[in-house]
Amino acid sequence: MSSEPIVIDTRRLNCPLPVIRSRRAAKSLPAGAQILVECTDPLAKIDIPHFATADGHRLVSSGENGNVLWFLIELGGGNASG
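Each step along the sequence shown adds one to the number in the UniProt record's numbering, with nothing skipped, and position 71 is 71.
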């Protein structure tokens, strides 16, 4: 498996689309894979960590680069909201 995370670009999309797109990507990848979600919606600070926890994933790190929020998520084995 590649050590590079899959980038999920949800910039310029508002709630709930960043979570929907992240969840869709997560379902197509194996446990242990990483996704890097990029967002500009300020609500993503709440929504993306909640999505990660609720779906059994691990938020590895997060931060901001200008007006872009980013979240590095390691995918777990269980998708609670299948």
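Each residue gets a CB set at the ideal place from its N, CA and C atoms; glycine is no exception. Just so you know, these numbers come straight off a predicted model, no measurement behind them.
**Asked** Helix, strand or coil: which one does DSSP assign to Leu75?
**Response** Indexing the sequence shown from 1 puts residue 75 at position 75. In this structure, Leu75 counts as coil in the three-state DSSP scheme.
Checklist entry - Tell me which same chain residues have a C-beta within less than 6 Å of the C-beta of Ala44, skipping the five on either side of it? => result For this step, residue 44 is matched to residue 44 along the sequence shown. Excluding residues within five positions, the ones whose Cβ falls inside 6 Å are Pro18, Leu69.
query: Can the beta-carbon of Ala33 be found less than 8 Å from the beta-carbon of Leu75?
result: As a first step, residue 33 must be located in the sequence shown, where it is residue number 33. As a first step, residue 75 must be located in the sequence shown, where it is residue number 75. Contact flag set, yes.
Note to self: Here's the rule: buried if 16 or more other CB atoms are within 10 angstroms of the residue's CB, otherwise exposed. What is His57?
What the structure shows: By 1-based counting over the sequence shown, the position of residue 57 is 57. Classification of His57: buried, given that the 10 Å Cβ count is 16 or more.
Quiz item: Fully enclosed by the UniProt domain "UPF0033" (7-74), which alpha helix (DSSP H) runs are 4 residues long or longer?
Solution: Taking only runs of at least 4 residues, the alpha helix (DSSP H) segments lying wholly in the UniProt domain "UPF0033" (7-74) are 17-27, 44-54.
Taking Cβ to Cβ, would you say Glu38 is nearer than 8 Å to Arg21? Within the sequence shown, residue 38 is the residue found at index 38, counting from 1. Within the sequence shown, residue 21 is the residue found at index 21, counting from 1. No, the Cβ-Cβ distance between Glu38 and Arg21 is not below 8 Å.
Work out the CA separation of Ile35 and Ala26 for me, nearest whole Å. One-based indexing of the sequence shown puts residue 26 at position 26. One-based indexing of the sequence shown puts residue 35 at position 35. Approximately 8 Å, taken between the alpha carbons.
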